[in-house]
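Trainee: Before I ask anything, let me first share the structure, which is written out below as structure tokens.
Protein chains in written order, with this note's numbering: chain A, 1 to 79; chain B, 1 to 79; chain C, 1 to 79; chain D, 1 to 79; chain E, 1 to 79; chain F, 1 to 79.
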């Protein structure tokens, strides 16, 4: 009777990816613990990047910095 | 000081039904455990059917299959 | 496919009380939302009173104060 | 490796307030438990006032009553 | 920055099985969502069978019935 | 009406540290969101290091490696 909660940031996760997570997590319970898949719930919770903090910073800010670093790296690439 | 979380699929649950869940769950705490209702929180979390999996399948898919089975059963009913 | 989590302080809750909570919460889902009881999970989480805070205070401390107040009230009762 | 979940009602919490919560909760883990901020997640979950119950009542109803009481108090203020 | 909570009944899950769950769940996040494994938390919560209800019944009771059914089936096997 | 869950590894957290977490988290809600402390719950959940995974590894293993690295560093210190 497992209940699995997958909490991730809301960043364009597709329905197909959600299905893969649900299938994969259910398989883990069946293969490792011999659980009944019918009695295995997987719940995916998507959280706005403003509402998720890491290292005392919103993920929104982290993503901006990562995007800027990437842009800079590309601008500085030797041609 | 109970905290009750009710996690369900987001399928047109009305505000009146939510109130009934809140009242019912609070009553359980008062009647069974003698808890103070003022210190009883009930939180209802609604989850998109794409984000809830059972038996390795999204509830969206399960609902479609159930709707089709129902339609088929009605079409085959003797007149 | 409801998942209900009941989080309470660990204060001598009996197995019979747990069963009543499980039955009551399941009945709410069946009666209010027409859910399938077979697909209704109820999970009771008991939390040490040292680990639960209300109003910035551990429940352990709150319980001590409540017990002392009760003792005092009884001592002061007219005979 | 702390994971902190802050569940509050969805009542116009600003991004700046969210950042303050994330910073404050992370600081608690660093200062009290000597945890690594890089490995500290803070997740803020906002819940509709219809979905949060206290004392067997929806917060939506509680807020209406509080607003009416406030209006009445102001109307009755001596000039 | 995924956070995955795996809630299961406390029924002799070994440390090796826990590691497999942790590895498997982390791999799902890396392979499906391209997440950083360093920022992927997996938390396994084991719940006493008395505290987990399905279909309005404690898992403790369900397990007893399953064990008796198995014993009966074996006793009735043709020799 | 905030509910705050602090999930950490079970590694000798003292009752005094728990109180500090409860006070600190409650203060955040009061100071940042103007919440009523009486209606603020803080729940600390301690998780065995075998049950917490980071980067696909149990924290138990991570702690052993950290302890060995520390011992090695001390052995190699110039006298």
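All residues carry an ideal CB built from backbone N, CA and C; glycine is no exception.
Excluding five sequence neighbours on each side, which residues of the same chain lie with their C-beta closer than 8 Å to the C-beta of residue 8 (chain E)?
Mentor: Within the same chain, residue 8 (chain E) has close Cβ partners 44, 45, 46, 47.
Trainee: What did DSSP end up calling residue 71 (chain E) once you bin it into helix, strand or coil?
Mentor: Here residue 71 (chain E) sits in helix by DSSP.
Trainee: Is the CB-CB distance between residue 61 (chain E) and residue 50 (chain E) below 7 Å?
Mentor: No; because the gap between Cβ atoms is not below 7 Å, this pair is not in contact.
Trainee: Determine the contact status of residue 55 (chain A) and residue 38 (chain D), defining contact as a CB-CB distance below 7 Å.
Mentor: In this structure, residue 38 (chain D) lies closer than 7 Å to residue 55 (chain A) by Cβ.
Trainee: Hey, how far is the Cα of residue 77 (chain A) from the Cα of residue 67 (chain A)?
Mentor: Going by the C-alpha atoms only, they are around 16 Å apart.
Trainee: Between the region 15 to 35 of chain D and the region 26 to 35 of chain B, are three or more C-beta pairs nearer than 8 Å?
Mentor: The answer is no - the region 26 to 35 of chain B does not touch the region 15 to 35 of chain D, with fewer than three Cβ pairs under 8 Å.
Trainee: In three-state DSSP terms, what is residue 38 (chain B)?
Mentor: Here residue 38 (chain B) sits in helix by DSSP.
Trainee: In terms of DSSP beta bridges, what is residue 77 (chain F) paired with?
Mentor: Partner(s): none; residue 77 (chain F) has no beta bridge.
Trainee: Can you say whether residue 18 (chain E) is buried or exposed, counting buried as having 16 or more other CB atoms within 10 angstroms of its CB?
Mentor: Classification for residue 18 (chain E): buried.
Trainee: Give me the DSSP bridge partner(s) of residue 9 (chain E).
Mentor: For residue 9 (chain E), which the question treats as bridged, DSSP gives the partners E:47.
Trainee: For residue 52 (chain F), tell me which candidate among E:64, E:14, E:23, E:42 has the shortest Cα-Cα distance.
Mentor: With distances taken between Cα atoms, residue 52 (chain F) lies closest to E:42.
Trainee: Quick one: using the 10 Å Cβ neighbour count with 16 as the cut-off for buried, is residue 79 (chain F) buried or exposed?
Mentor: It is exposed - the Cβ of residue 79 (chain F) has fewer than 16 other Cβ atoms within 10 Å.
Trainee: Determine which residues of the region 32 to 65 of chain A have a Cβ less than 9 Å from any Cβ of chain D, and write them out in chain order.
Mentor: Residues 45, 47, 48, 50, 51, 52, 53, 54, 55, 56, 57, 58, 60, 61.
Trainee: Going by other Cβ atoms of all chains shown within 10 Å of its Cβ, with 16 needed for buried, is residue 40 (chain C) buried or exposed?
Mentor: With 16 or more Cβ atoms within 10 Å of its Cβ, residue 40 (chain C) is classed as buried.
Trainee: Is there at least one Cβ from chain C nearer than 7 Å to residue 20 (chain F)'s Cβ?
Mentor: Closer than 7 Å: no.
Trainee: Alpha carbons only, please: which of F:24, F:58, F:22, F:23 is nearest the one belonging to residue 23 (chain E)?
Mentor: The option with the nearest alpha carbon to residue 23 (chain E) is F:58.
Trainee: Can you check which of these residues, E:35, E:10, E:21, E:74, is closest to residue 11 (chain A) by C-alpha distance?
Mentor: For the residues E:35, E:10, E:21, E:74, the minimum Cα distance to residue 11 (chain A) belongs to E:35.
Trainee: For chain F, find out if any of its Cβ atoms is closer than 7 Å to the Cβ of residue 26 (chain E); answer yes or no.
Mentor: Chain F contact via Cβ: present.
Trainee: Under the three-state reduction of DSSP, which class applies to residue 53 (chain C): helix, strand or coil?
Mentor: Reduced to three states, the DSSP call for residue 53 (chain C) is strand.
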